[in-house]
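J.:
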Amino acid sequence: MNEIHAINGPVVKIKGKTDFQILEMVFVGTKKLLGEVISISEQETVIQVYESTSGLRPGEPVINTGEPISLDLGPGLIRNIFDGIERPLQSIAERSGNYIVPGTDVKSLDEEKGWDVTFTCKIGDVLTSNQVFATIQETDLVLHKLMIPQGLNGEVVKMKKDGKYTIRDILIEIKDKLGNIHKLDMVQRWPIKTARPFLDRKTLSIPLISGQRVIDTLFPIAKGGTAAVPGGFGTGKTMMQHQFAKWCDADIIVYIGCGERGNEMTQTLEEFKDLIDPKSGKPLIDRTILIANTSNMPVAAREASIYTGITMAEYYRDMGYHVAIMADSTSRWAEALREISGRLEEMPAEEGFPAYLPSRLSQFYERAGYVENINHTEGSVSIIGAISPQGADFSEPVTQNTKRFVRCFWALDKELAYMRHYAAINWTQSYSEYISDLAKWYNKNVGVAFLQDRQRFVSILAEENKLMEIVKLIGKDVLPDDQKLLLEIARVIRVGYLQQNAFHKDDTYVPLPKQLKMMEIILYLYRGAQSILTQGKAFSLLAQTNIFEKIIKIKYDIPNDHLEMFDDYYKLVDDTLRSIK
Amino acid sequence: MDLQYIGLKEINGPLIFIDNVKDIGFEEVVEIRMNNGETRHGRVVEIQGDLAAVLVFEGTKGLSLNNTTVKFLGHPMEIGLSQEVMGRMFSGLGKPIDGLGPIYVDQFFDINGLPLNPVSRKYPRNYINTGISSIDGLTTLIRGQKLPIFSGAGLPHNELAVQIVRQAQIADKEGESFGVVFAAMGVKNDVADYFKRSFEEAGVLEKVVMFLNLSNDPIIERLITPRAALTTAEYLAYHHNMHILVVLTDMTSYCEALREFSSSKGEIPGRKGYPGYLYSELASLYERAGIVENATGSVTQIPILTMPNDDITHPIPDLTGYITEGQIVLDRDLHQKGVYPPVGVLPSLSRLMKDGIGEGYTREDHQGLMNQLYASYAKVMDARSLASVIGEDELSAVDKKYIQFGTLFEKHYLSQGYSRSRSIEETLNLGWELLSVLPKSELDRVDEEMLNTYFDQDKANKDFKISDRVKIQDVKQEAK
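Going down the list, the protein sequences come from chains A and B.
Every letter in the first sequence is one number past the one before it in this note's numbering, and letter 202, counting from 1, is 202.
With positions in the second sequence counted from 1, the corresponding number in this note's numbering is that position plus 1000.
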């Protein structure tokens, strides 16, 4: 019998030698709080507890389970909201009211609900790991595929007929090579800290389209890619994650609220129920899993929530889906590591963070990828991780270490946010390393012009950046006309293109063809205006015409489904330029 | 059986260590009795086998290894509450200090509270009319929000807090169910007195519950004060359906008490010596704002914190900003210009306002107007920094217009005075009038329709007496 010896916050110690395994799941105390073994020595075993340890006493028992912290994976994940260790918050609310009481023992998945099962195998079929044996329409948007658990191969010897079953009903029986019979229901268990295996990593060549112009055009992310969104408070990280979760063209979204605000999670939940996916016409919640471990919930579960999310994502990836994870925010996760490390009295590295912070970050981000699954389907997991750097200083350890493991960096800028320029992605600090990988796709699916125009935009913005240094010193008026024009066009790009209104019905999501057309018209105006200037006409005449304002307002004035209206604007540009005497 | 332990093993700062204890719980409350009859309270903060570390709230002054008897009470820190707490004054630990005797207790509550289940929260939507333009118009306070005031030493944060409380109460239609919970942590005697007097003058004193831990009170007691206050607020809001405004001042003192406690416990320090769990600790306070399903009351928090050296990147304001739903930042330059309230517009923000303003709440143009005011004021800053290099006379006509707009904005919109309350219509109309000073083409955040309804240059020129200075027409002339 193992007994608690010492308690310090979420860290509990057992004295003497035990037969616990490292990373094993344990139940602590009479309330059966969930915990995990994090270090073992002959003198003591250290456990981190995922729930509040208030009231816990030395001498209370610690029970081991023989398995690492694992998740139940099966139908019922989508549309649900879980805490960091896969306990459904709705069920907790029904059982214990408005507050989360420690030791609440609830089932992760609804065991009473009946699901319509359609079998895709027959008796005598030989099935291998991860092969699909039946399907369930989990929500209107997601067809859940029941797979043979990892490591099991064999012949189907017995199966039920199509019909309604609960997740714990035995559906099929498999006889393996040794003649053992395995009875399978709908649920698989998988340890959260182990990546689910796959056959092969594919090169990333398809973008994850979000309808956000600054991302799709300037800094695109690939399906299976990784991106970091660092920004001080109030720069719109969460807004950005929300926009991405709402509009990106992944099949499934896993949204992890890790150490963030309770009201924000409530908002996400409400909003996703009401919002309609533009492609399918169904509510967005039908493709979303929410994981909420708000800042006031126990800190160790915050650490687990990131792994919980990615394990669920990998499970759906194995079915052949493209999954995108929003982790808001990875800094809170790193702080949870720091807090526990501090309680363990480990030697701190930079800013008190443990020395293993980079390796934990890389383990997490490396679980992203576009892969060929064991069952020969293709799927992807993309990770978009928000970072909340202390004092908005990007040189702090979490930002710096994350930068090493992600290939997209969307730096949010306080100055832009102050000007209410959203998305406040700073175009000089941000980058995407996926451009060349995605070039082929853009050229084929959107048009060769897209990346050329993008390049023009980037150079105009870079040029503006240089000119602004001068303007700050001597003012705009002394610049020559061609530079004045460049500044004006850069303004059109900034205000009319990069800035996007998340609350406007058309502007909140802009399809790629419209993005291309918007770039084209801006550059058309630029070329036209340049030729006017070479004819010796003054820029001030051009500035009076209001044409720049008109082009800026295109984002509102042309609905996403009326792209033919762009023709009028070409005419307008021509007429305006011609009218200048 | 009540086990009592005589004598201590060690005393270190605010911590005492007791040996050979049996069957005690983590975070349990401890009663410490001294030979002279004085009683103090503490909390178990660490257990190592039969050795317990106890944090003494009142401080360890006068304790010796032999003169004390310790009793473990078997439950976490609790506070007894009933509706009688309204109008009363308590110490930082929740003991009555107004000489009116103990309160009749209806129910006991654990002051640490439990984390609120996100699915049981209701998303806050109703705005609180504070009557202050810079708040109502630009950083609207929403019922159930936590919106801190980031201030500095010598800035009028206390006046602003009082003004919010006073004017919000008047504007509240269901005035009956309005209440204030005020928690002072490490504030000076006269500041506490100022709050008390102001509440009295505003006629809300019988609706205020005060928890006072003054600067000469025991420092560790401060760790309990906000929790006692928030437990009271939750009780009134969720059990008696009241709308409670919680004013917590000064959070910086709270964090410093935490740092002191942490270092005496020998913990590994994080940034600037604050413990690594400062974020979780602050979150456990701030996250107790909100509205829950099945109750009509709400808890709105206005924590006040003084930024050490006016540094917004200091760990305390920094971590606070990551948890709270926005912030109101007071600006020293504006204060020196004589602007009251000196709300620094650009760094201030209310995250919940987008869903609590507009049609059905305030007015349909509010969102666009707010964005435009922010954007235009940001340009004022650019123009000013340019003017400081090349001189105001050398500015382009448009930039001059911005300078003028900035001056008028600070003078008429931000500056409002301590006793003036503006209705939301007044605030919005004033915003439009100020924008009308600028050339119409500069207003790119509002749509055409709103401009047609609200943009009125002649009125602006008349009201602000702009006649001899550069007019918009002049700007156009010059361009030609």
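Just so it is clear, CB atoms sit at the ideal spot from N, CA and C, and this is done for glycine as well.
#1: Taking 9 Å as the threshold (beta carbon to beta carbon), is residue 1355 (chain B) in contact with chain A?
#2: Checking contacts by CB at 9 Å: is residue 1400 (chain B) closer than that to chain A?
#3: Let me see if you follow: with CB-CB separation under 9 Å, is residue 297 (chain A) close to chain B or not?
#4: Spell out the partners DSSP gives residue 945 (chain B) in its beta bridges.
#5: Measure from the alpha carbon of residue 184 (chain A) to the alpha carbon of each residue in A:219, A:246 and A:147, then state which is nearest.
#6: Can you tell me whether DSSP reads residue 1012 (chain B) as helix, strand or coil?
#7: Mind checking residue 355 (chain A): buried by the 16 CB within 10 Å criterion, or exposed?
#8: Using a C-beta to C-beta distance shorter than 7 Å, which residues of chain B count as neighbours of residue 101 (chain A)?
#9: Return no unless some Cβ of chain A is closer than 9 Å to the Cβ of residue 1003 (chain B).
#10: Grouping DSSP H, G and I as helix and E and B as strand, with all else coil, what is residue 222 (chain A)?
#11: Which of helix, strand or coil does DSSP assign to residue 1189 (chain B)?
#12: Among B:1282, B:1308 and B:1430, whose alpha-carbon lies nearest the alpha-carbon of residue 1136 (chain B)?
#13: Could you give the distance in angstroms between the alpha-carbon of residue 1163 (chain B) and the alpha-carbon of residue 1246 (chain B)?
#14: Grouping DSSP H, G and I as helix and E and B as strand, with all else coil, what is residue 1476 (chain B)?
#15: Go ahead and pull the three-state DSSP assignment for residue 408 (chain A).
#16: Please say whether residue 204 (chain A) and residue 370 (chain A) have beta carbons closer to each other than 9 Å?
#17: Taking only three categories from DSSP, how would you classify residue 1132 (chain B)?
#18: What residues in its chain sit with their C-beta under 7 Å from that of residue 1191 (chain B), if we drop five residues either side in the sequence?
#19: How about residue 256 (chain A) and residue 1116 (chain B): do their beta carbons lie closer than 9 Å?
#20: I'd like to check one pair, residue 1017 (chain B) with residue 1041 (chain B): are the Cβ atoms closer than 9 Å?
#21: Given a cut-off of 9 Å, decide if residue 497 (chain A) and residue 548 (chain A) are closer than it, judged by their beta-carbon atoms.
#22: Would you call the stretch 66–80 of chain A and the stretch 42–49 of chain A in contact, with 3 or more CB pairs under 8 Å?
#23: Anything in chain A within Cβ reach of residue 1328 (chain B), meaning under 9 Å, just list it in chain order.
#24: Tell me the DSSP bridge mates of residue 1429 (chain B)?
#25: Taking 9 Å as the CB-CB cut-off, is residue 1121 (chain B) touching chain A?
#26: Quick one: Cα of residue 1257 (chain B) to Cα of residue 1219 (chain B), how far?
#27: Would you tell me roughly how many angstroms separate the C-alpha atoms of residue 460 (chain A) and residue 486 (chain A), rounded to the nearest one?
#28: Which residues in chain A have a C-beta closer than 9 Å to the C-beta of residue 1048 (chain B)? List them in chain order.
#29: Go ahead and pull the three-state DSSP assignment for residue 119 (chain A).
#30: Beta carbon of residue 1103 (chain B), beta carbon of residue 1063 (chain B): below 9 Å?
#31: As a quick exercise: from A:230, A:423 and A:338, pick the residue whose alpha carbon is nearest that of residue 1271 (chain B).
#32: Going along the chain, which residues of its own chain have a beta-carbon closer than 6 Å to the beta-carbon of residue 259 (chain A), five neighbours each way excluded?
#33: Out of B:1161, B:1061 and B:1015, point me to the one whose CA is closest to residue 1300 (chain B)'s CA.
#34: Could you pull the start and end residues of the alpha helix (DSSP H) that residue 437 (chain A) belongs to?
#35: Which class does residue 333 (chain A) belong to by DSSP, given the choice of helix, strand or coil?
#36: Round the Cβ separation of residue 110 (chain A) and residue 286 (chain A) to the nearest angstrom and send it over; I've been treating them as touching at under 8 Å.
T.: Looking at the atomic coordinates:
#1: Here residue 1355 (chain B) corresponds to residue number 355 of the second sequence, with the count starting at 1. Yes, residue 1355 (chain B) lies at the interface with chain A (some Cβ there is under 9 Å from its Cβ).
#2: For this step, residue 1400 (chain B) is matched to residue 400 along the second sequence. For residue 1400 (chain B), the answer is no, since every Cβ of chain A falls outside 9 Å of its Cβ.
#3: Here residue 297 (chain A) is taken as the residue at index 297 of the first sequence, counted from 1. Closer than 9 Å to some Cβ of chain B, the Cβ of residue 297 (chain A) qualifies, so yes.
#4: The requested residue 945 (chain B) does not occur in the structure, where chain B is confined to residues 1001 to 1480.
#5: Within the first sequence, the letter at position 184 stands for residue 184 (chain A). The option with the nearest alpha carbon to residue 184 (chain A) is A:147.
#6: The residue labelled residue 1012 (chain B) in the question sits at position 12 within the second sequence. If DSSP states are grouped into helix, strand and coil, residue 1012 (chain B) belongs with the strands.
#7: Taking the first sequence and counting its residues from 1, one reaches residue 355 (chain A) at position 355. By the 10 Å Cβ count, residue 355 (chain A) comes out exposed.
#8: For the purposes of this step, residue 101 (chain A) is taken as the residue at position 101 of the first sequence. Per Cβ cutoff of 7 Å: 1114.
#9: To locate residue 1003 (chain B), count along the second sequence from 1; it is residue 3. No, no contact with chain A.
#10: For the purposes of this step, residue 222 (chain A) is taken as residue 222 along the first sequence, with counting starting at 1. Looking at residue 222 (chain A) - three-state DSSP - the assignment turns out to be strand.
#11: One-based indexing of the second sequence puts residue 1189 (chain B) at position 189. Residue state, collapsed to three classes: helix.
#12: Sequence index remark: in the second sequence, residue 1136 (chain B) carries index 136 (1-based). The shortest Cα separation from residue 1136 (chain B) among B:1282, B:1308 and B:1430 belongs to B:1430.
#13: Here residue 1163 (chain B) is taken as the residue at index 163 of the second sequence, counted from 1. Here residue 1246 (chain B) is taken as the residue at index 246 of the second sequence, counted from 1. So the two alpha carbons sit approximately 14 Å from each other.
#14: Against the second sequence, residue 1476 (chain B) aligns to sequence position 476. Note that residue 1476 (chain B) has pLDDT 46, beneath the 50 cutoff, so the model's placement of it is unreliable and the number below is only indicative. DSSP places residue 1476 (chain B) in helix when its eight states are reduced to three.
#15: In the first sequence, residue 408 (chain A) corresponds to position 408, counting from 1. Residue 408 (chain A): strand per DSSP, three-state reduction.
#16: Numbered from its first residue, the first sequence carries residue 370 (chain A) at position 370. Numbered from its first residue, the first sequence carries residue 204 (chain A) at position 204. Yes, they are a contact pair.
#17: Taking the first residue of the second sequence as position 1, residue 1132 (chain B) is located at position 132. Of the three classes helix, strand and coil, the one that applies to residue 1132 (chain B) here is coil, per DSSP.
#18: As a position in the second sequence, residue 1191 (chain B) is number 191, starting the count at 1. Cβ within range, chain order: 1158.
#19: Counting from one through the first sequence, the residue named residue 256 (chain A) turns up at place 256. Counting from one through the second sequence, the residue named residue 1116 (chain B) turns up at place 116. No. Outside cutoff.
#20: Sequence index remark: in the second sequence, residue 1041 (chain B) carries index 41 (1-based). Sequence index remark: in the second sequence, residue 1017 (chain B) carries index 17 (1-based). It is not a contact, given that the beta carbons lie outside the stated cut-off.
#21: Your numbering for residue 548 (chain A) matches position 548 in the first sequence. Your numbering for residue 497 (chain A) matches position 497 in the first sequence. Not closer than 9 Å, so no.
#22: no
#23: Your numbering for residue 1328 (chain B) matches position 328 in the second sequence. Simply none; closest approach about 12 Å.
#24: Position 429 of the second sequence holds residue 1429 (chain B). Residue 1429 (chain B) is not bridged to any residue.
#25: Along the second sequence, read from residue 1 onward, the residue named residue 1121 (chain B) stands at position 121. At least one chain A Cβ lies under 9 Å of residue 1121 (chain B).
#26: Counted from its first residue, the second sequence places residue 1257 (chain B) at position 257. Counted from its first residue, the second sequence places residue 1219 (chain B) at position 219. Those two C-alpha atoms are separated by around 6 Å.
#27: In the first sequence, the residue the question calls residue 460 (chain A) occupies position 460. In the first sequence, the residue the question calls residue 486 (chain A) occupies position 486. Each residue's Cα considered, the two are about 7 Å apart.
#28: Position 48 of the second sequence, counted from the first residue, corresponds to residue 1048 (chain B). By Cβ distance, chain A contributes 5, 6, 7, 8, 13 and 58.
#29: Along the first sequence, read from residue 1 onward, the residue named residue 119 (chain A) stands at position 119. In the structure shown, residue 119 (chain A) sits in a strand (DSSP, three-state: E or B).
#30: Here residue 1103 (chain B) refers to the residue found at position 103 when the second sequence is read from its first residue. Here residue 1063 (chain B) refers to the residue found at position 63 when the second sequence is read from its first residue. Not in contact: residue 1103 (chain B) and residue 1063 (chain B) (Cβ atoms no closer than 9 Å).
#31: Locating residue 1271 (chain B) in the second sequence gives position 271, where the first residue counts as 1. Comparing Cα positions, the closest option is A:338.
#32: Counted from its first residue, the first sequence places residue 259 (chain A) at position 259. Same-chain partners within the cutoff: 295, 302 and 332.
#33: Translated into positions along the second sequence, residue 1300 (chain B) becomes position 300. Residue 1300 (chain B) has its Cα closest to that of B:1161, out of B:1161, B:1061 and B:1015.
#34: By 1-based counting over the first sequence, the position of residue 437 (chain A) is 437. Taken as a continuous stretch (DSSP letters only), the alpha helix (DSSP H) holding residue 437 (chain A) covers 435–445.
#35: Within the first sequence, the letter at position 333 stands for residue 333 (chain A). Residue 333 (chain A) falls in the helix class under three-state DSSP.
#36: Counting from one through the first sequence, the residue named residue 110 (chain A) turns up at place 110. Counting from one through the first sequence, the residue named residue 286 (chain A) turns up at place 286. Going by Cβ atoms, the distance from residue 110 (chain A) to residue 286 (chain A) rounds to 16 Å, so no, they are not a contact pair.
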